[in-house]
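Asks: Sending over a structure as structure tokens; questions will come in a sec.
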Amino acid sequence: MPKKFIEDFVILENKRQTSEFVILTLQHPTNLPKIYPGQFAEIKVEGSPNTFLRRPLSIHDVDYQNNTIKLLVQEVGEGTRRLAAMKPGESLNLIYPLGTYYSLPSSNKVLLVGGGCGVAPLLFLGRFLHENGIKPRFLIGAKSSAQLVELDEYRKLGEVFITTEDGSAGTKGFVIHHPIMKTYKPDFDWIYTCGPEAMMKVIAKYALKRNLNCEVSLENMMACGIGACLCCITPTIEGNKCTCTDGPVFNSKYLKW
Amino acid sequence: MVDLSVNIGDLNLKNPVMTASGTFGYGVEYQDFIDINSLGGIIVKGTTGSPREGNPYPRMAETPQGMLNAVGLQNKGVDAFINEIWPKIRTFDTNIIVNVSGSTIEEYVETAEKLALVPDIVGIELNISCPNVKEGGMAFGTSCSSARQVTRAVRNVFPRHLMVKLSPNVTDIVEIAKEVEDAGADSISLVNTFLGMAIDAETRRPLLSTITGGLSGPCIKPIALRMVWQVADAVKVPVVGMGGISSASDAIEFLLAGASAIQVGTANFINPSISQEIVNGIADYLVRHNFNSVTELIGALELD
Ligand SMILES: Cc1cc2nc3c(=O)[nH]c(=O)nc-3n(C[C@H](O)[C@H](O)[C@H](O)COP(=O)(O)OP(=O)(O)OC[C@H]3O[C@@H](n4cnc5c(N)ncnc54)[C@H](O)[C@@H]3O)c2cc1C
Ligand SMILES: Cc1cc2nc3c(=O)[nH]c(=O)nc-3n(C[C@H](O)[C@H](O)[C@H](O)COP(=O)(O)O)c2cc1C
Ligand code: FES
Numbered sequence: 070m071p072k073k074f075i076e077d078f079v080i081l082e083n084k085r086q087t088s089e090f091v092i093l094t095l096q097h098p099t100n101l102p103k104i105y106p107g108q109f110a111e112i113k114v115e116g117s118p119n120t121f122l123r124r125p126l127s128i129h130d131v132d133y134q135n136n137t138i139k140l141l142v143q144e145v146g147e148g149t150r151r152l153a154a155m156k157p158g159e160s161l162n163l164i165y166p167l168g169t170y171y172s173l174p175s176s177n178k179v180l181l182v183g184g185g186c187g188v189a190p191l192l193f194l195g196r197f198l199h200e201n202g203i204k205p206r207f208l209i210g211a212k213s214s215a216q217l218v219e220l221d222e223y224r225k226l227g228e229v230f231i232t233t234e235d236g237s238a239g240t241k242g243f244v245i246h247h248p249i250m251k252t253y254k255p256d257f258d259w260i261y262t263c264g265p266e267a268m269m270k271v272i273a274k275y276a277l278k279r280n281l282n283c284e285v286s287l288e289n290m291m292a293c294g295i296g297a298c299l300c301c302i303t304p305t306i307e308g309n310k311c312t313c314t315d316g317p318v319f320n321s322k323y324l325k326w
Numbered sequence: 165m166v167d168l169s170v171n172i173g174d175l176n177l178k179n180p181v182m183t184a185s186g187t188f189g190y191g192v193e194y195q196d197f198i199d200i201n202s203l204g205g206i207i208v209k210g211t212t213g214s215p216r217e218g219n220p221y222p223r224m225a226e227t228p229q230g231m232l233n234a235v236g237l238q239n240k241g242v243d244a245f246i247n248e249i250w251p252k253i254r255t256f257d258t259n260i261i262v263n264v265s266g267s268t269i270e271e272y273v274e275t276a277e278k279l280a281l282v283p284d285i286v287g288i289e290l291n292i293s294c295p296n297v298k299e300g301g302m303a304f305g306t307s308c309s310s311a312r313q314v315t316r317a318v319r320n321v322f323p324r325h326l327m328v329k330l331s332p333n334v335t336d337i338v339e340i341a342k343e344v345e346d347a348g349a350d351s352i353s354l355v356n357t358f359l360g361m362a363i364d365a366e367t368r369r370p371l372l373s374t375i376t377g378g379l380s381g382p383c384i385k386p387i388a389l390r391m392v393w394q395v396a397d398a399v400k401v402p403v404v405g406m407g408g409i410s411s412a413s414d415a416i417e418f419l420l421a422g423a424s425a426i427q428v429g430t431a432n433f434i435n436p437s438i439s440q441e442i443v444n445g446i447a448d449y450l451v452r453h454n455f456n457s458v459t460e461l462i463g464a465l466e467l468d
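Those sequence lines, one after another, are chains H and Z. Here the first sequence is numbered in the numbering used here, starting from 70 and rising by one per residue. Here the second sequence is numbered in the numbering used here, starting from 165 and rising by one per residue.
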């Protein structure tokens with residue numbers, strides 16, 4: 070297990086993307102430790118009286134040159150609303166880097182499938198794959214075009230496919246309905262996915278049926294984030310495992326889905 | 165230099181700060197954040213006779229200033245504890261106490277017997293207060309006769325320190341405390357979690373898979389403090405207090421109420437270095453108030 074840290078970061082920038090998404094850029098005072106795509110941080114939300122526990126958020130992007138990390142925050146409740154309202158100069162306490170990460174593929178034909186705030190780890194993963202000589206393709210699903218964030222960033226790394234439930238952008242429907250899902254081989258044989266559980270389950274079933282490798286990232290409720298409380302478990306073929314330390318990234322074959 | 169050491173019966177603690185069962189894993193989970201050896205002791209996760217998978221997800225719900233859990237004693241069982249986990253943690257230079265849970269008196273006894281055979285396990289904490297298992301658990305801690313029976317049965321097979329952990333889900337906790345003292349407990353720890361419940365009004369469903377669960381955190385502190393005060397007043401054996409402790413001053417309040425040592429639970433989740441910070445905070449307090457030893461605080465509540 071790589072070392073975990075508990076440290077204060079300073080907010081450099083809070084950039085609103087859509088009515089429900091912001092991207093926070095956080096500055097670390099010294100050199101960042103190595104962080105891998107799929108890992109997350111447990112964040113102490115100050116100034117939000119009903120947010121008692123820390124909140125788990127994926128590391129959205131890492132810039133080792135400037136010692137900054139980014140978080141993509143979707144406002145769903147009091148804690149995330151408070152985070153989305155944070156101003157440059159304010160500080161934020163993080164326990165990080167936590168959990169398992171996406172593995173490097175043995176093939177260079179990969180598809181990254183994200184939905185909702187589940188797109189958060191995929192930009193960092195895309196960059197990581199790109200740096201390792203693999204050109205990722207992205208398939209991103211949203212309710213409508215208003216929920217799509219940072220498409221230009223993804224396009225710098227690889228081809229981007231879109232689905233929206235209302236048809237306001239890309240193909241109408243869910244990610245599983247996109248035409249690329251019909252051309253898995255030769256187009257891709259590795260899938261990385263993160264997003265709503267219902268979406269990931271569909272993708273995992275799809276992959277299993279076609280014998281494609283599939284890694285999913287779970288978003289279970291967490292109390293400690295470090296494997297101490299056993300609150301975040303998911304059933305696997307080897308019994309209950311902690312999402313925070315044995316996950317959040319699991320090979321879908323391993324899960325009892 | 166102030167003296168932070170305390171004795172709980174025959175156990176000598178560097179300081180009165182321990183970590184509560186189920187909130188600190190086996191200690192190793194916290195090694196990146198604190199020096200485990202700086203603590204008075206750690207109580208490891210509830211251990212049962214055979215392995216348990218615990219309750220289904222969701223097992224946790226946040227509440228105002230607290231949380232509900234329904235973990236349900238997920239653990240690998242006493243054999244795996246002794247063979248796989250103990251060798252990795254036994255070298256910590258602190259008191260490691262094994263929390264023992266069960267569904268039947270036989271299970272408690274069998275687990276305690278096996279732990280008794282490992283000579284460097286200094287003590288066990290008998291958990292007769294877990295609200296999250298269908299059978300046993302809290303049931304043993306909520307009636308005087310069963311609390312006495314299980315304590316006596318374990319006392320007969322475990323020769324070293326026997327701490328008994330009480331449930332707050334009773335009408336009169338003092339009665340139960342006296343029973344377990346009488347049955348041979350070397351010390352009494354309290355409180356375990358309060359039985360509670362949370363509902364999602366939007367979906368009209370319970371937030372826990374088990375519907376009810378155990379409430380912990382700052383929201384229980386005033387009740388826990390009152391219970392510790394009542395029990396410490398009524399028994400002769402040392403009392404170990406817990407329930408919502410999140411700062412040095414919280415810890416000192418429990419000592420003043422009569423606890424000889426304290427355990428930090430849920431607060432570890434929010435600040436994994438809190439237990440060590442509490443140790444330092446108690447030392448600062450002693451200096452600030454001109455005490456030489458932390459033992460001067462035990463039961464030193466001023467009443468006039
Ligand atoms: C490993 C992991 C990575 C995540 N990454 C991101 C991310 O990059 N961006 C993002 O916006 N969100 C992410 N989430 C989800 C995020 O943690 C929750 O949306 C957030 O905790 C909600 O807090 P709140 O106070 O705003 O909402 P609340 O009002 O507390 O609850 C709203 C809903 O959020 C969910 N939730 C609440 N508390 C938790 C918790 N402790 N753990 C998990 N879910 C919870 C529940 O479904 C709840 O019904 C991630 C979750 C996990 C486990
Ligand atoms: C997630 C969780 C798991 C727990 N597991 C156990 C356990 O296995 N055995 C036990 O005796 N108490 C267990 N407890 C109870 C704590 O040890 C402690 O008594 C209680 O949480 C009150 O203290 P606190 O408010 O400081 O957390 C658990 C508590 C929590 C929150
Ligand atoms: S959140 Fe505590 S064990 Fe995973």
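Cβ atoms here follow ideal geometry from the backbone N, Cα and C, with glycine treated the same way.
How long is the line joining the alpha carbons of Z:Glu226 and H:Asn119, rounded to whole angstroms?
Replies: Working through the second sequence from its first residue, we reach residue 226 of chain Z at position 62. Working through the first sequence from its first residue, we reach residue 119 of chain H at position 50. Cα-Cα distance, rounded: 9 angstroms.
Asks: In the DSSP assignment, what residue or residues form a beta bridge with H:Thr305?
Replies: Within the first sequence, numbered from 1, the residue matching residue 305 of chain H stands at position 236. Bridge partners of H:Thr305: H:Gly308 and H:Leu324.
Asks: Less than 7 angstroms between the CB of Z:Glu158 and some heavy atom of ligand 1, yes or no?
Replies: Coverage of chain Z is limited to positions 165 through 468, which leaves residue 158 of chain Z absent and any answer about it impossible.
Asks: Does the region 371-378 of chain Z touch the region 335-346 of chain Z, meaning 3 or more C-beta pairs lie closer than 8 angstroms?
Replies: no
Asks: Given a threshold of 16 other Cβ atoms within 10 Å of its Cβ, counted over all protein chains shown, does H:Leu173 qualify as buried or as exposed?
Replies: For this step, residue 173 of chain H is matched to residue 104 along the first sequence. When all chains shown are included, H:Leu173 counts as exposed.
Asks: Identify every run of the alpha helix (DSSP H) within the region 319-386 of chain Z, keeping only runs that are complete inside it and at least 4 residues long; order them along the chain.
Replies: 337-346
Asks: For H:Cys41, return the contacting residues in chain Z, with the cut-off set at a CB-CB distance below 7 angstroms.
Replies: Outside the displayed span of chain H (70 to 326) sits residue 41 of chain H, for which this structure offers no information.
Asks: I want to see whether chain Z comes within less than 8 angstroms of H:Met269, judged by CB atoms only; does it?
Replies: Looking up residue 269 of chain H in the first sequence gives position 200. No - not a single Cβ of chain Z is within 8 angstroms of the one on H:Met269.
Asks: Comparing the CB of Z:Val355 with every heavy atom of ligand 2, is any distance shorter than 7 angstroms?
Replies: Stepping through the second sequence from its first residue, residue 355 of chain Z is reached at position 191. Yes - ligand 2 has a heavy atom lying nearer than 7 angstroms to the Cβ of Z:Val355.
Asks: Determine whether the beta carbon atoms of H:Thr262 and H:Gly185 lie at a separation below 8 angstroms.
Replies: As a working mapping, residue 262 of chain H is identified with position 193 in the first sequence. As a working mapping, residue 185 of chain H is identified with position 116 in the first sequence. No; because the gap between Cβ atoms is not below 8 angstroms, this pair is not in contact.
Asks: On a CA-only basis, which of H:Lys278, H:Cys293, H:Glu147 and H:Phe207 is nearest H:Lys225? Give me that one, please.
Replies: Here the question's residue 225 of chain H lines up with position 156 in the first sequence. Closest by alpha carbon: H:Phe207.
Asks: Can the beta-carbon of Z:Val318 be found less than 8 angstroms from the beta-carbon of Z:Tyr272?
Replies: Counting from one through the second sequence, the residue named residue 318 of chain Z turns up at place 154. Counting from one through the second sequence, the residue named residue 272 of chain Z turns up at place 108. Yes, they are a contact pair.
Asks: According to DSSP, is H:Lys241 part of a helix, a strand, or is it coil?
Replies: Position 172 of the first sequence, counted from the first residue, corresponds to residue 241 of chain H. It is a strand residue.
Asks: Can at least three beta-carbon pairs, one atom from the region 311-321 of chain H and one from the region 169-179 of chain Z, be found at a separation below 8 angstroms?
Replies: no
Asks: Output yes if chain H places a C-beta closer than 8 angstroms to the C-beta of Z:Thr187; else output no.
Replies: In the second sequence, residue 187 of chain Z corresponds to position 23, counting from 1. Chain H, which has a Cβ nearer than 8 angstroms to the Cβ of Z:Thr187, makes this yes.
Asks: Is Z:Gly422 near Z:Ile462, with beta carbons less than 8 angstroms apart?
Replies: Sequence index remark: in the second sequence, residue 422 of chain Z carries index 258 (1-based). Sequence index remark: in the second sequence, residue 462 of chain Z carries index 298 (1-based). Yes, these two residues count as a Cβ contact at 8 angstroms.
Asks: Hey, is H:Ala297's beta-carbon within less than 8 angstroms of any beta-carbon in chain Z?
Replies: Taking the first residue of the first sequence as 1, we reach residue 297 of chain H at position 228. It does; some Cβ of chain Z falls within 8 angstroms.
Asks: Does H:Gln86 come out as helix, strand or coil in the three-state DSSP assignment?
Replies: Looking up residue 86 of chain H in the first sequence gives position 17. Residue state, collapsed to three classes: coil.
Asks: At a cut-off of 7 angstroms, would you count H:Cys298 as near ligand 2, judging by its Cβ distance to the nearest heavy atom?
Replies: Sequence index remark: in the first sequence, residue 298 of chain H carries index 229 (1-based). Yes - ligand 2 has a heavy atom lying nearer than 7 angstroms to the Cβ of H:Cys298.
Asks: Among H:Val229, H:Asn135 and H:Ala267, whose alpha-carbon lies nearest the alpha-carbon of H:Pro205?
Replies: Residue mapping note: residue 205 of chain H aligns to position 136 of the first sequence, counting from 1. In terms of CA proximity to H:Pro205, H:Val229 leads the group H:Val229, H:Asn135 and H:Ala267.
Asks: Within 10 Å of its beta-carbon, does H:Arg85 have 16 or more other beta-carbons around it, so buried, or fewer, so exposed?
Replies: Translated into the one-based positions of the first sequence, residue 85 of chain H becomes position 16. Counting C-beta atoms within 10 angstroms of its own C-beta, H:Arg85 has fewer than 16 neighbours from the protein chains shown and is therefore classed as exposed.
Asks: Does H:Asn289 get closer than 8 angstroms to chain Z when you measure Cβ to Cβ?
Replies: By one-based count along the first sequence, residue 289 of chain H stands at place 220. Chain Z, which has a Cβ nearer than 8 angstroms to the Cβ of H:Asn289, makes this yes.
Asks: Excluding five sequence neighbours on each side, which residues of the same chain lie with their C-beta closer than 7 angstroms to the C-beta of Z:Glu277?
Replies: Residue 277 of chain Z sits at position 113 when you count from the first residue of the second sequence. If we look at Z:Glu277 and ignore the five residues flanking it on each side, its Cβ neighbours are Val321.
Asks: Using 10 angstroms around the beta-carbon of H:Asp258, count the other beta-carbons present and answer buried if the total reaches 16, otherwise exposed.
Replies: Here residue 258 of chain H refers to the residue found at position 189 when the first sequence is read from its first residue. So H:Asp258 counts as buried.
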